[in-house]
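Here the structure comes first, spelled out in structure tokens, and everything after it is commentary.
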Amino acid sequence: MTMLTPRTPKKLAPPGRGTPTRRERKGAELETRTRRVGDQLIEISARPGAQVLRDLAATRNGLTHAEAATRLERHGPNVVAQERAPRWFVQLAKAYANPFIAVLVFLAAVMYWQDPEDVGVVILSTMVLISGALRFWQEYRSGRAADALKRLVTTTTAVQRRAGRGAGPTAFEVSMDQVVPGDLVKLAAGDLIPADLRLIAAKDLMVAQAALSGESLPVAKDDIRGVDEGQRETADPVEAGNLCLMGTSVTSGTATGVVVATGSDTYFGSMAGSLVGERPQTNFDTGVRKVSFLLIRFMLVMVPVVFAVNGLTKGDWDEAFLFAIAVAVGLTPEMLPMVVSANLARGAVAMSKRKVVVKRLNAIQNLGAMDVLCTDKTGTLTEDRIVLDRYLNVHGDEDTEVLEYGYLNAHFQTGLKNLMDQAVIDRVDEAEEVVVDARFSMVDEIPFDFARRRMSVVLNRNGLLGAVGRPEHVLITKGAVEEVLDLCTHVIDGGRKVELTESARINATLTAEENNRRGLRVLAVATRTMGTPRDSYTVADESELTLVGFLAFLDPPKADAAAALQGLADKGIAVKVVTGDNELVAARVCADVGLDVGHVVTGTELDALDDTELRELASRTTVFAKVNPVQKARIVRALQAEGHTVGFLGDGINDAAALRDADVGISVDTAVDIAKESADIILLEKDLTVLEQGVVQGRTTFGNTIKYIKMTASSNFGNVFSVLVASAFIPFQPMLAIMLLVQNLVYDIAQLATPWDRMDEEYLRKPRNWDAKGIGRFMLTIGPISSIFDIAMFVIMWNVFAANTPAEQSLFQSGWFIEGLLSQTLIVHMIRTRKIPFIQSRASWPVMVMTILAMLTGLYLPFSPLAESLGFVALPASYFPWLVGVLLAYCTLTQLVKTWYIRRFGTWL
């Protein structure tokens with residue numbers, strides 16, 4: 010929507026090798042677009058103000074109403090691209106986009122084609138419906154909760170327009186989306202910048218740019234009065250003194266600016282426009298896909314083998330086909346989508362009680378897998394407020410006289426008090442200092458301006474009660490160190506006023522510089538006792554000053570930040586600080602909270618690196634400073650390329666790209682809208698302790714998910730192996746197809762309690778990730794154990810109970826059904842922990858209850874009224890001691906193999 014011609018963008022950072030991924034293309038698109046808009050703004054910044062107005066076909070009196078309407082129609086509303094939540098039916102369709110659900114739907118269709126009245130069709134269809142509905146409802150509800158966090162208010166801005174060409178200008182409020190290129194915008198303290206503006210007049214303007222630059226303190230803009238030739242001091246539009254960008258806000262001063270870009274063509278909009286659309290695949294998506302296709306490939310191999318063996322040995326190919334379908338259902342962890350959804354939904358509910366809104370369910374597992382957290386420092390490690398850290402004499406020693414004079418200057422000034430003035434006042438109040446203002450009264454003040462970079466008050470030193478004498482006026486100046494020092498001729502040293510010699514001046518300068526290097530913002534305080542008191546004073550009186558000392562400010566670390574960082578480190582998470590603030594401030598804060606700072610890497614250094622070099626640097630660097638939005642996203646991608654699961658915590662416009670590229674994007678409810686839209690998780694409190702609790706919940710969620718997968722996959726593999734052996738040597742079906750489905754259904758219902766299980770403390774200490782290869786190895790190692798005891802039960806039923814003819818097949822099938830179901834249910838407790846079950850680690854009560862119910866159901870079915878319709882017969886009492894012996898032997902061998910497996914591979918779940 011800008012009306013100026015764009016330049017060709019600068020050469021981007023060297024691309025990586027091979028064909029770029031979709032994520033890399035998105036990153037390059039964002040970088041190209043942002044750089045192009047930045048170049049345009051710098052060109053505008055360098056032109057004289059009068060030339061900018063001519064280029065925009067605007068005047069200092071503003072557009073006419075007719076011109077504004079025409080431009081609004083041509084350029085559209087002043088809004089940036091936003092990622093809208095999909096319609097409910099689209100979300101519902103996506104909830105069923107899962108490979109296992111596709112397999113189940115296919116199997117149900119085949120079963121329906123064979124026999125429309127088959128109860129298995131109903132069972133499979135119910136599983137599919139519940140799984141998808143659970144995921145849809147949780148994500149839909151979370152999306153609505155996130156939308157409710159946005160402040161539903163209409164924001165307006167003051168523009169200057171004319172009724173017609175001959176009419177005079179009038180300033181009035183319009184909705185921000187009605188602002189157009191060429192509009193003149195009037196700015197005052199507290200105003201949001203509605204679009205990208207080129208200032209044409211400004212006085213004492215301070216702008217908060219933290220959302221774009223990460224700097225915690227407001228930035229001074231140029232004073233523009235009269236002739237305006239433009240600026241060529243910087244190539245960064247955020248730092249340009251005569252530009253104000255959308256998304257920032259005015260903290261003090263006044264200005265008039267002409268709109269040079271609106272909507273998606275603003276610097277902010279250039280970032281937002283590249284962030285809508287399909288999100289990149291995260292660690293969770295990749296992991297689920299790999300595990301899903303591993304299990305599906307295994308099923309595609311085993312089912313045809315079962316079909317062929319049964320058809321060749323029994324001669325009944327129709328029956329063999331039905332049995333193979335039942336085996337396919339048994340092999341498919343059909344409850345996986347439901348268990349995963351239930352796990353994630355339970356995690357989301359648990360996190361909501363800790364003031365965390367989960368927008369995307371998959372992010373919970375990603376949070377548990379996260380091993381690197383990138384975060385801004387402001388408001389996360391720090392309190393997001395300016396405090397007076399120290400008050401020093403010229404030798405760097407604490408001196409309350411400096412605080413007293415600083416307090417008097419801040420307290421008596423009549424202008425808008427900035428953050429540092431308020432910090433001085435708060436320090437006196439908090440430290441319960443002696444109230445000194447009763448000894449003084451206001452005479453005059455010399456306001457702050459950006460040319461002098463200082464302000465002064467003149468106070469009358471009141472005499473003691475009843476004392477009579479001529480008044481004594483004292484001038485107290487506070488401002489930038491260099492400017493105040495230039496006006497000083499004397500210095501307070503050891504309580505005495507002495508001449509400010511060259512060596513003393515150098516010493517004072519070194520004291521200020523030392524505190525600057527510590528990341529502190531330093532102001533100088535000086536005084537002058539006026540020889541002849543009078544009613545008014547001017548800038549000329551700011552001379553022959555006596556330097557008292559220095560005030561040093563910082564955004565202090567949170568009291569619990571160090572403990573929170575240690576908590577994350579104990580959980581195996583490396584914290585990297587990625588900030589737009591300067592390197593000195595960043596290093597100081599990070600050192601204060603216990604981070605090993607090392608070499609601080611700046612954005613300028615990053616731009617000189619290609620992707621390979623950045624990957625190596627990012628892994629060993631803790632603090633990145635003065636980085637822009639594109640560089641933040643590059644850092645995230647570089648860490649991901651090194652195999653890390655990366656979380657990003659941010660709340661500004663400059664964080665949006667990195668939030669979107671991260672495996673888990675984390676923001677806060679006070680963040681700008683684009684940051685909240687890009688995030689997966691929204692914290693209602695910007696607190697790393699809350700985040701640590703979320704990490705534990707994520708690992709618990711993942712642990713319970715992987716627990717189900719490994720239990721089911723190994724158990725199913727053992728069952729199929731047993732079926733193959735039985736089919737080869739037994740002259741009848743070892744179990745009817747309906748029995749397999751019922752066994753599977755009872756087991757799966759029992760597994761619905763898995764999301765409510767607890768995880769061992771040791772498991773929660775390290776990041777956890779998907780490992781398809783490890784699942785395959787676990788399945789092939791643990792699965793055959795159950796086959797040993799299945800075959801033992803075959804032998805017992807065949808020889809001890811004479812179930813060795815087609816006429817006695819129901820007895821054989823009933824005996825194996827109970828043993829198979831009970832062993833499959835008990836193995837849950839063997840696999841859920843690397844410890845000794847029931848003794849060193851017990852399952853949660855929901856899991857215990859469901860285990861007991863499943864076992865009782867299995868024992869009851871052969872004796873129930875349903876027995877005949879399902880093909881069961883009652884088992885003799887002598888069967889059960891054999892059953893107990895088989896189950897005890899099974900659990901013992903499994904524990905021994907588990908001990909060996911952990912020693913051999915160093916892992917279990």
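Using the working numbering, you'd call the opening residue of the sequence shown number 10 and step up by one each time.
Glycine is no exception: its CB is placed at the ideal position from the N, C-alpha and C atoms.
Here the structure is a predicted model, which means the values were calculated and not measured.
Under a Cβ-count criterion, where at least 16 other Cβ atoms within 10 Å of its own Cβ denotes burial, should D766 be classed as buried or exposed?
buried
Just list the residues that DSSP pairs L789 with in beta bridges.
Bridge partners of L789: none, in fact.
Spatial distance of N352 from T763 (CA atoms)
8 Å
Taking only three categories from DSSP, how would you classify G589?
coil
Under 8 Å by Cβ, that's how I've got A578 and V586 pegged, so tell me the actual separation to the nearest angstrom.
The Cβ separation is near 14 Å, so there is no contact.
Exposed or buried, R597, counting other C-beta atoms within 10 Å across all chains shown (16 or more means buried)?
Buried: at least 16 other Cβ atoms inside 10 Å.
Considering only residues of the same chain and omitting the five flanking positions on each side of A210, which have a CB-CB separation below 6 Å?
I233 and T265
Under 8 Å, do V584 and L560 count as touching if we go by C-beta distance?
no
Buried or exposed: M10, going by 16 or more other Cβ atoms within 10 Å of its Cβ?
Note that M10 has pLDDT 37, beneath the 50 cutoff, so the model's placement of it is unreliable and the number below is only indicative. Buried is the label assigned to M10, since at least 16 other Cβ atoms lie within 10 Å of its Cβ.
V315 and A333 look like a contact to me (Cβ under 8 Å); what is the Cβ gap, rounded to whole Å?
5 Å
So if DSSP puts C253 in a beta bridge, which residue, or which two residues, is it bridged to?
L206
N469 (DSSP reduced to helix, strand or coil):
Here N469 sits in strand by DSSP.
Give the straight-line distance between the Cα atoms of W854 and P566, rounded to the nearest whole angstrom.
Rounded to the nearest angstrom, the two C-alpha atoms are 42 Å apart.
Proximal residues to A863 (C-beta, below 6 Å), its chain only, five neighbours per side dropped:
V755, A759 and T834
Secondary structure, beta strand (DSSP E): runs of 3+ residues fully inside the segment 821-899:
none
Are the CB atoms of V396 and A432 nearer to each other than 8 Å?
yes
Since H499 sits in a beta bridge, which residues does DSSP pair it with?
E508 and T555.
Less than 8 Å between the C-beta atoms of G256 and L206, yes or no?
no
Mapping the DSSP letters down to three states, classify M276 as helix, strand or coil.
This sequence places Tyr at residue 276; Met is not what is there. Y276 falls in the helix class under three-state DSSP.
How many angstroms separate the CA atom of Q904 from the CA atom of D769?
CA-CA distance, Q904 to D769, rounds to 17 Å.
Taking the alpha carbon of M464 as the point to measure from, which residue in G824, D213, A746 and D660 has its own alpha carbon closest?
D213
Is S676 near A684, with beta carbons less than 8 Å apart?
yes
Applying the 10 Å Cβ sphere with the 16-neighbour rule, what's the burial state of L161?
The predicted position of L161 is uncertain, since its pLDDT is 37 and thus under 50; a value taken from the coordinates is nonetheless stated next. Result: exposed.
For my contact list, V557 and Y414 are in at a C-beta cut-off of 8 Å; report their separation, rounded to the angstrom.
5 Å
For L196, which of helix, strand or coil comes out of DSSP?
strand
Just to confirm, is the Cβ distance from V189 to H74 under 8 Å?
Between V189 and H74, the gap from beta carbon to beta carbon reaches 8 Å or more.
Can you find at least 3 beta carbon pairs, one from the segment 545-554 and one from the segment 736-751, that sit closer than 8 Å?
Verdict: no, contact absent.
Can you name the start and end residues of the alpha helix (DSSP H) that H74 belongs to?
Unbroken alpha helix (DSSP H) run through H74: H74 to H84.
Distance, L574 Cα to V734 Cα:
Their backbone Cα atoms lie some 55 Å apart in a straight line.
Close beta carbons around I800, own chain, < 7 Å, minus the five adjacent residues each side
S731 and V734
What is the C-beta distance between I794 and W891, in whole angstroms, given that I count them as a contact (C-beta under 8 Å)?
Incorrect: roughly 18 Å between the Cβ atoms, too far for contact.
Measure the beta-carbon distance from L879 to S832 and round it to whole angstroms, keeping in mind my assumption that it falls under 8 Å.
Contact flag wrong, Cβ pair sits at about 20 Å.
Outcome for R708 when other beta-carbon atoms lying within 10 angstroms are tallied against a minimum of 16:
buried
Assign K386 to one of two classes, buried (16 or more other C-beta atoms within 10 Å of its C-beta) or exposed (fewer than that).
buried
Does the distance from the C-beta atom of R436 to that of F449 stay below 8 Å?
Taking 8 Å as the Cβ cut-off, R436 and F449 do not qualify as a contacting pair.
Nonlocal neighbours in the same chain, by C-beta distance under 8 Å from M857, ignoring five residues either side:
R851
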